[in-house]
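Residue numbers (the working numbering): -11 to 187. Working notes, beginning with the structure itself.
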Amino acid sequence: MAQALKQNFLKGIIKENPVFVMLLGMCPTLGVTSSAFNGLGMGVATLFVLLMSNIVVSLIRSQIPAKVRIPAFIVIIASFVTVVEMVLEAYIPFLYEQLGIFIPLIVVNCLILGRAEAFAAKNTLLDSAVDALGMGVGFVIALTALGATREILGNGSLFDLRFVSEDASTFILFILPPGAFIALAYLAYLFNRFTQKSA
């Protein structure tokens, strides 16, 4: 039992990483990862929504009629996204402003809706929670790594702490939209190469 839960958790981080392997949730992945802080913030917000929606869907799965399951899942997800949005606006206004429209767009993130439909609606509460944690942590790691890479190369800083002088040369391309595609491609390549060798 414990071994199965561990494998289910690690699957979302390595074997089925939402960003580097399955290429899910590309809109926030490419849109907000101009810095490590933004990537971490969006990743944690998505992790919370994914975990809570998986738990609720798993708990009430037998009560949801098959014909309205997708709308029901969206209402559940939207409820938790509203909680995240209100908390960020009240307690972390800087991050709230940085993430902007991408916070409400968590509602239609295919990672969250996909896990609700494919996993939480068919499995127990514990399995669904572990699945959500694995996928969510994998998403957090991917977004933070992508944001850190872009911030280091494009701005010479990490979590807004500069380690090169302001007049030093940096690859400004990496904090611009095209840099997101380039950084993602290289990180996905390295991630898959490393995980295939260690498998």
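We treat Cβ as the ideally placed atom computed from N, Cα and C, and that holds for glycine.
Which ranges would you report for the alpha helix (DSSP H) in the segment 20 to 80 if only whole runs of at least 4 residues count?
24 to 48 and 57 to 79
Cβ neighbours of G19 in the same chain (closer than 6 Å, five flanking residues each side left out)
By 1-based counting over the sequence shown, the position of residue 19 is 31. Excluding residues within five positions, the ones whose Cβ falls inside 6 Å are F90.
Counted within 10 angstroms of its Cβ, other Cβ atoms place A117 as buried (16 or more) or exposed:
Within the sequence shown, the letter at position 129 stands for residue 117. Buried.
Roughly how many angstroms lie between the CA atoms of K110 and F182, to the nearest whole one?
Start at 1 with the first residue of the sequence shown, and residue 110 comes out as number 122. Start at 1 with the first residue of the sequence shown, and residue 182 comes out as number 194. So the two alpha carbons sit approximately 32 Å from each other.
Between which two residues does the alpha helix (DSSP H) holding K(-6) run?
As a working mapping, residue -6 is identified with position 6 in the sequence shown. A(-10) to L(-2) is the span of the alpha helix (DSSP H), which, as asked, contains K(-6).
So does the segment 120 to 127 actually touch the segment 61 to 75, counting three or more Cβ pairs closer than 8 Å?
Because the criterion of three Cβ pairs below 8 Å is not met, the segment 120 to 127 and the segment 61 to 75 do not touch.
Considering just the uninterrupted stretch of the alpha helix (DSSP H) at V128, what are its terminal residues?
Position 140 of the sequence shown, counted from the first residue, corresponds to residue 128. Element bounds for V128: L113 to N143.
Cβ-based neighbour list, V95, same chain, cut-off 6 Å, excluding 5 preceding and 5 following
Walking along the sequence shown from the start, residue 95 turns up at place 107. Excluding positions up to five away in sequence, the list reads I65, A66 and V69.
Suppose you measure from the CA of E77 to the CA of E139; what does that come to, to the nearest Å?
Indexing the sequence shown from 1 puts residue 77 at position 89. Indexing the sequence shown from 1 puts residue 139 at position 151. Across the structure, E77 and E139 are spaced so that their CA atoms are roughly 24 Å apart.
Compute the distance between the beta-carbons of L131 and V9, then report whether it is under 8 Å.
Reading the sequence shown from its first residue, position 143 is the one you call residue 131. Reading the sequence shown from its first residue, position 21 is the one you call residue 9. Taking 8 Å as the Cβ cut-off, L131 and V9 do not qualify as a contacting pair.
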